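Comments concern the structure below.
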Amino acid sequence: MYVAVKGGERAIDNAHQWLAEERRGDRSVPELTIPQIREQMKLAVNRVMAEGSLYDPDLAALAIKQARGDLIEAVFLIRAYRTTLPRLAGSRPVDTGAMAVDRRISATFKDLPGGQVLGPTFDYTHRLLDFALMAEGEPPTPIPSPRGGGEVPGAAAGQEAPPSPLVGEGWGGGSPRVPHVTGFLNRDGLIEAAPPSDATPPDLTREPMELPADRALRLQALARGDEGFVLGLAYSTQRGYGRTHAFVGELRIGRVAVEVEIPELGFAVEIGEIELTECETVNQFKGSKSEPPQFTRGYGLVMGQSERKAIAMSLVDRSLRWQELGEDFTGAPAQDAEFVLMHCDNIQATGFLEHIKLPHYVDFQAELELVRRLRAEAQTLQEAAE
Amino acid sequence: MPAPDAEARKAWIATLAKAPPARLADLMPELPPHDLLRAPEVGAVMVRGRTGGTGAAFNLGEMTVTRCSVRLADGPVGHAWVQGRDKAHARRAAVIDALMQTEAAPDLSARILAPLRAEAEAHRAARAAKAAGTKVEFFTMVRGEDQ
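Those protein sequences? They're chains A and B, same order as listed.
Residues 289 to 674 in our numbering are what the first sequence lists, from first letter to last.
Residues 18 to 164 in our numbering are what the second sequence lists, from first letter to last.
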């Protein structure tokens, strides 16, 4: 029998009021503003946008403030808001080859055209706490511009500003494109091709995900999946659970234009720019009777600057392709599409996990009755045996 | 007035969409009389990527977008789709799109679009220069065959 009860309204109101006070913390400390969070907690904002699956830095910053810095709670707020928005259109696929790159590195080619560009990275820092940040000290000295005698060749004072070193070395120049490393391997047929297709991809926010899921659907689920979960799975493939021998062929971070076909205009226009992180892995090769041995690929693309997630995504993407590439299923979690796709969403996981803290009085009452009865029966049997 | 060249219109619509809303408002504080054909509306656009950077399309996630359509008192219709949730930005961009189809185009182009383009280019160049400053120059320490 289902018993409806009510009550606790006053308790809930008071709890929410206290929550607001705790969110504000010590009132002698200045309150955080949304622009402060957006500008100074940018990687947290990026994570909330990526997993909330909605690119809007101001809203992500607001969600972080409201959630008291609980990023999964912030993702939840963004997902809930997202459902209130009408879907106006789908964009043209973004062109990451035209990305204005802040960072672009390759672990496979030292001298790739365009060079290794480190960007604002934590790599090569010593991971020592910087107490100057706590003292709210002087701002760091800006990095010298290449024109001021930096490392860029031909940039001596008084000379014409050099063309961006990221542009077209060995490619005739002139084009702002930054070629993909996989493109070089592709020219020689050493890596599997990724032929373009503009077919409308499936969308798990419109149709419930069904298995088997094609690669487009898997990439969508991974792109919005929990960073920690995807990281753990990717790490498991490196440790031997579904090994794929990945090299980071290329990792790039930068801004791309988003272009949308506007029905009232009858052509596509750029409506804005978003920051993305893209990772392409070059993986173990395999040949067959019809195909000579060639490298295979994994792909990761994430909103914002989030290279841990992008690398992890590309490893898991590659691992999930075992069937298509004729590899053995070894039972590794990262090869199991159902295991990965049904558990990578932290909002679904949180919802089901945390619901068990809500009242289950009736369910529990039934269990309690049952265990009492079983104990009584067991006791009766024991007494009879004696 | 001949119909504007589609390429030119694409370019100015993109410039207006990508302009910082506050800067656009500074450059064009007053809007001429106009009717709203579609009041500013906030929605989402699903951003797509390509598998492997060049392959089949997949859905990456959404972004917020505001769209608006207006008609000027003397007839031309302007449209705007701009990133974010700033309704004033969308409305202003739509009005300027309409005005760019009138005799006012050369003046607006010089007074509004040119500075926006120059500022966007300066911003892009400054970032590219910072990135260039982090480009690695490798030095050969020892070559195996030297030993």
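All C-beta atoms in this analysis are idealised placements derived from N, C-alpha and C, irrespective of residue type, glycine included.
Predicted, not measured: the structure shown is a model, and the values here were computed from it.
Cutoff 6 Å; reference residue i; Cβ partners in own chain excluding five residues on either side
{"i": "B/Leu133", "result": "Thr32, Ala36"}
{"i": "A/Val608", "result": "Here residue 608 of chain A is Leu; the residue named in the question, Val, does not match the sequence. Cβ within range, chain order: Arg506, Ala625."}
{"i": "A/Thr488", "result": "none"}
Residue i versus the options, residue with shortest Cα-Cα distance
{"i": "A/Lys577", "options": "A/Pro500, A/Val557, A/Ile550, A/Gly614", "result": "A/Gly614"}
{"i": "B/Arg84", "options": "B/Arg65, B/Ala105, B/Pro57, B/Met63", "result": "B/Pro57"}
{"i": "B/Ala90", "options": "B/Phe75, B/Gly101, B/Val112", "result": "B/Val112"}
{"i": "B/Ala39", "options": "B/Ala28, B/Val153, B/Leu54, B/Ala105", "result": "B/Ala105"}
{"i": "B/Pro49", "options": "B/Ala73, B/Glu136, B/Leu125, B/Arg26", "result": "B/Leu125"}
{"i": "B/Leu41", "options": "B/Ala131, B/Asp52, B/Ala146, B/Glu154", "result": "B/Ala131"}
{"i": "B/Glu47", "options": "B/Ala110, B/Glu138, B/His140", "result": "B/Ala110"}
{"i": "A/Val336", "options": "A/Asp358, A/Ile322, A/Ala377, A/Pro318", "result": "A/Asp358"}
{"i": "B/Lys27", "options": "B/Val87, B/Val64, B/Ala146, B/Ala97", "result": "B/Ala97"}
Residue i - DSSP class collapsed to helix/strand/coil
{"i": "B/Met167", "result": "One cannot answer for residue 167 of chain B here, as it falls past the ends of chain B, which runs 18 to 164."}
{"i": "A/Lys577", "result": "coil"}
{"i": "A/Gln572", "result": "strand"}
{"i": "A/Gln447", "result": "Low confidence applies to A/Gln447: its pLDDT is 44, below 50, so where it sits in the model is not reliable enough to give any reading."}
{"i": "A/Asp486", "result": "coil"}
{"i": "A/Ala622", "result": "helix"}
{"i": "A/Gly378", "result": "strand"}
{"i": "A/Gln404", "result": "coil"}
{"i": "A/His468", "result": "coil"}
{"i": "B/Phe75", "result": "strand"}
{"i": "B/Pro57", "result": "strand"}
{"i": "B/His96", "result": "strand"}
{"i": "A/Phe419", "result": "helix"}
{"i": "A/Ser602", "result": "helix"}
{"i": "A/Lys645", "result": "helix"}
{"i": "B/Lys152", "result": "strand"}
{"i": "B/His51", "result": "strand"}
{"i": "B/Gln118", "result": "coil"}
{"i": "A/Gln636", "result": "helix"}
{"i": "A/Phe555", "result": "strand"}
{"i": "A/Arg531", "result": "coil"}
Nearest-angstrom Cβ-Cβ length linking residue i and residue j, presumed shorter than 8 Å
{"i": "A/Val405", "j": "A/Val389", "result": "6 Å"}
{"i": "A/Ile479", "j": "B/Met80", "result": "Incorrect: roughly 31 Å between the Cβ atoms, too far for contact."}
{"i": "B/Ala142", "j": "A/Gly407", "result": "No, B/Ala142 and A/Gly407 are not in contact; Cβ-Cβ is about 16 Å, not under 8 Å."}
{"i": "A/Tyr369", "j": "B/Gly78", "result": "Actually they do not touch by this definition, with Cβ atoms about 13 Å apart."}
{"i": "A/Pro483", "j": "A/Gly385", "result": "The Cβ separation is near 15 Å, so there is no contact."}
{"i": "A/Arg391", "j": "A/Arg540", "result": "7 Å"}
Other residues of its chain near residue i: CB distance less than 7 Å, five sequence neighbours each side excluded
{"i": "A/Gln670", "result": "none"}
{"i": "A/Ala545", "result": "Glu558, Glu561"}
{"i": "A/Ile360", "result": "Asn634, Thr638"}
{"i": "B/Phe156", "result": "none"}
{"i": "A/Ser452", "result": "Confidence at A/Ser452 is low in this model, with a pLDDT of 46, below 50, so the placement of that residue should be treated as unreliable; the coordinate-derived value is given next. Cβ within range, chain order: n/a, list empty."}
{"i": "A/Thr569", "result": "Ala534, Phe535, Val536, Gly537, Arg585, Gly586, Ser602, Leu603, Arg606"}
{"i": "A/Thr409", "result": "Arg391"}
Cutoff 8 Å; reference residue i; Cβ partners in own chain excluding five residues on either side
{"i": "A/Val333", "result": "Ile325, Arg326, Pro345, Ala348, Ala349, Ile352, Gly592"}
{"i": "B/Arg171", "result": "Residue 171 of chain B cannot be examined here, being either before or after the span of chain B that is shown, 18 to 164."}
{"i": "B/Arg67", "result": "Ala73, Ala74, Phe75"}
{"i": "A/Pro581", "result": "Phe573, Lys574, Gly575"}
{"i": "B/Trp29", "result": "Ile113, Asp114, Met117, Ser126, Leu130"}
{"i": "A/Gly530", "result": "Ser524, Ser607, Trp610, Thr618, Ala620, Pro621, Ala622, Gln623"}
Problem - Within 7 Å of chain B by C-beta, residues of the segment 579-610 of chain A in sequence order - result: Arg585, Tyr587, Leu589, Met591
Handout entry: Against chain B: residues of the segment 349-379 of chain A by CB proximity under 7 Å
Key = Residues of the segment 349-379 of chain A that bring their beta carbon within less than 7 Å of a beta carbon in chain B comprise Arg370, Leu373, Pro374, Arg375, Leu376, Ala377, Gly378, Ser379, in sequence order.
Handout entry: Near-chain A residues of the segment 41-69 of chain B - C-beta to any C-beta below 7 Å
Key = Val59, Gly60, Ala61, Val62, Met63, Val64, Arg65, Gly66, Arg67, Thr68, Gly69
Handout entry: Positions along the segment 99-120 of chain B whose CB lies within less than 8 Å of some CB in chain A
Key = Val99, Gln100, Gly101, Arg102
Handout entry: Proximal residues, the segment 377-403 of chain A versus chain B, C-beta separation under 9 Å
Key = Ala377, Gly378, Ser379, Arg380, Pro381, Val382, Asp383, Thr384, Gly385, Ala388, Val389, Asp390, Arg391, Arg392, Ile393, Lys398, Asp399, Gly402, Gly403
Practice task
Using a Cβ-Cβ cut-off of less than 8 Å, give me the residues of the segment 493-521 of chain A that come near chain B, in sequence order.
Solution key: Thr493, Arg503, Ala504, Leu505, Leu507, Gln508, Ala511, Arg512
Exercise for the section: Could you please tell me which residues of the segment 76-92 of chain B, in chain order, have their CB closer than 7 Å to any CB of chain A? Expected result: Result list: Asn76, Leu77, Gly78, Glu79, Met80, Thr81, Val82, Arg84, Ser86.
Problem - Members of the segment 145-163 of chain B that neighbour chain A once the beta carbon cut-off is set at 9 Å - result: Those residues of the segment 145-163 of chain B that come within reach of chain A (Cβ to Cβ, closer than 9 Å) are Ala145, Ala146, Lys147, Ala148, Ala149, Gly150, Thr151, Lys152, Val153, Glu154, Phe155.
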